[in-house]
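Residue numbers (the working numbering), protein chains in the order written: chain E, 1 to 160; chain Z, 1001 to 1160; chain D, 2001 to 2160; chain A, 3001 to 3160.
Protein chains: 4
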Amino acid sequence: MGKRLAEPVSGEPTPALRAVAKYRVLFADCDPMRVMYYGSYFRLLEIGRAELFRAFGHAFSCYIARGLYLAVTEAQCRYWRPAFYDDELEILAGLTEVSGVRLRIDYLVKKSGGETVATAFTRHAVVNEQGRPVRLPAELRALLQEAVPAPAFGGDHRST
Amino acid sequence: MGKRLAEPVSGEPTPALRAVAKYRVLFADCDPMRVMYYGSYFRLLEIGRAELFRAFGHAFSCYIARGLYLAVTEAQCRYWRPAFYDDELEILAGLTEVSGVRLRIDYLVKKSGGETVATAFTRHAVVNEQGRPVRLPAELRALLQEAVPAPAFGGDHRST
Amino acid sequence: MGKRLAEPVSGEPTPALRAVAKYRVLFADCDPMRVMYYGSYFRLLEIGRAELFRAFGHAFSCYIARGLYLAVTEAQCRYWRPAFYDDELEILAGLTEVSGVRLRIDYLVKKSGGETVATAFTRHAVVNEQGRPVRLPAELRALLQEAVPAPAFGGDHRST
Amino acid sequence: MGKRLAEPVSGEPTPALRAVAKYRVLFADCDPMRVMYYGSYFRLLEIGRAELFRAFGHAFSCYIARGLYLAVTEAQCRYWRPAFYDDELEILAGLTEVSGVRLRIDYLVKKSGGETVATAFTRHAVVNEQGRPVRLPAELRALLQEAVPAPAFGGDHRST
């Protein structure tokens, strides 16, 4: 299993996170408390990791075309401040853990140019069309070795 | 193309519609106006047609197992009254049009034991895994011939 | 009641529609047929009308700040072609009908630089915080008189 | 701050959790991997806690009528097995931590009569209409004292 680089700290983007997308809060995202519904944040995390991988030059659609998916094995979100209708949010994301078959991605959602709204992480396993775990393809591993700070690779990636 | 049996009339379930499901409105369904979001109704329609077909003894999952789907080609919803958080709604649905390759389903959503909230219809084409239109399998057509009032079958179903 | 300017024609954006937003299809939007779920399109329509009004210089949030909402009274969508995961879509929208208390907005969703995926319309009533219909405020009416081709105004707007 | 009663263990409902609802997986819930989308589980958690409180005799709607909400401050979900279209799921939920202003609710989602699909928890703060934290009303605290095993109450609830 890989080693965790960093714990997201409230209000402080960790160095490993980069701004990857903006998002405008919709009516569809909000609830009767007039704030973004807690479950709506998980769409934002999806946008964050999709744009992170696209920025790496490897959009998820390339992997899907080869029958590979990043199944979510765990998701966690902490809500620091409410987001309101029509707020423009900024999504930061970063790979923070990599091993032969697993990834961890960290996220920070903030008001554009402002305060932290939520911090989150997701853990993923690489799976095939049948949902069976498979090892990261060499191509994706090479990409990650370039994209991620060296210490993010767990000890076991050398033996893969 | 099949012939349309009935137009849903506000507040009046048409004879062709039957109660198929109940639904409790969630925070997730509502918006900052504190009413059910207009787009959330389309989930209710999905529940309506799934339970309608299950009541026919032919759950959609049986068709999916054979690589057949009912693709939506048109959806329309009219909103008569707002639904609020925690309201218990009743979903009525009925097949109102059938031809060799197409179906129309009508819906009425009302407060349990009360007033009409929305009326809607969806049109569907039978498609295969690749999304290509295919004719209704004989088994499904036989089912529909039993389930639907005779005039709902368009003239072209005899030539299939 | 206002007069309808134009019927959306498959594949042909009507002159009244303008490109207002791009949208990247998410996993969250798709279904097991591996296409965008029919209900997900209604989020895109919301984005379309929000950006249309923002382009007019009157974002919905200004109206909400004054306790006014555009309640949806009817929504209709026709699905011409499937949209797939990661497709980049373009959303066109336009005001096509206006009267003292009601609006109709038409939409066209297409693949970026490509074919029509869906055409749709929504009808709206202006309501207050309690959901009661109210007349369009003069400010909004003035805006619409500039933004919309003259014939879109129904005869009754002069008597308001 | 309250004391945590129990850690959900994979596949093993903790004694504190009780079956509160069933849920049929919709097309709307799934994604192109043909499994329930990771973000869709948070609707199920909402159903779980709503029905848990209803079973306590205190539906959330009663609190909302008094201007009180349970804002989510943290949500976490672990995905053990995929859920597929039309699966019937069972939702278990239980209050596992209570203090003067905060709650923790634990969940387990499983196939009806079968294996664990997901385990999760949410943390909540009691807030008013303006989103400001408020203490649990005496009525809700009395309810919780009956509903929850005694050790779930943190030491500070006596000082309220």
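Cβ atoms here follow ideal geometry from the backbone N, Cα and C, with glycine treated the same way. Note that the structure is a prediction, hence the values are computed from the model and not measured.
Ordered along the chain, which non-local residues of its own chain (more than five positions away) have a Cβ less than 6 angstroms from that of residue i?
i: A/R3103; result: Per the sequence presented here, residue 3103 of chain A reads as Leu, with Arg not at that position. Hits under 6 angstroms: H3124.
Give the straight-line distance between the Cα atoms of residue i and residue j, rounded to the nearest whole angstrom.
i: Z/L1017; j: D/K2111; result: 37 angstroms
i: E/A50; j: E/F60; result: 6 angstroms
i: Z/I1047; j: E/A138; result: 43 angstroms
i: D/L2089; j: D/V2126; result: 29 angstroms
i: E/G57; j: A/E3146; result: 56 angstroms
i: E/A28; j: D/T2122; result: 15 angstroms
i: Z/L1108; j: D/S2040; result: 21 angstroms
i: E/C62; j: E/E129; result: 14 angstroms
i: A/R3066; j: D/P2032; result: 41 angstroms
i: E/W80; j: Z/A1142; result: 57 angstroms
If I'm right that residue i touches residue j with Cβ under 8 angstroms, what's the distance once you round it to whole angstroms?
i: E/R78; j: E/T119; result: 5 angstroms
i: A/D3106; j: A/T3096; result: 5 angstroms
i: D/L2068; j: D/V2134; result: 7 angstroms
i: E/L144; j: E/V98; result: 5 angstroms
i: D/F2042; j: Z/Y1023; result: Incorrect: roughly 17 angstroms between the Cβ atoms, too far for contact.
i: Z/G1100; j: Z/L1136; result: 6 angstroms
i: D/V2020; j: D/I2064; result: Their Cβ separation, rounded to whole angstroms, is 19 angstroms, which puts D/V2020 and D/I2064 out of contact at 8 angstroms.
i: E/G131; j: A/P3082; result: 6 angstroms
Which same chain residues end up closer than 8 angstroms to residue i when comparing Cβ atoms and leaving out the 5 residues on each side of it in sequence?
i: E/F84; result: V25, C30, R34, V35 and M36
i: E/D86; result: R24 and V25
Within 10 Å of its beta-carbon, does residue i have 16 or more other beta-carbons around it, so buried, or fewer, so exposed?
i: D/A2093; result: buried
i: E/L52; result: buried
Who are the neighbours of residue i on chain C, taking C-beta pairs under 9 angstroms?
i: A/V3035; result: This model lacks chain C altogether, as its protein chains are E, Z, D and A.
At a cut of 8 angstroms, does the region 1064 to 1074 of chain Z reach the region 2060 to 2074 of chain D through at least three beta carbon pairs? no
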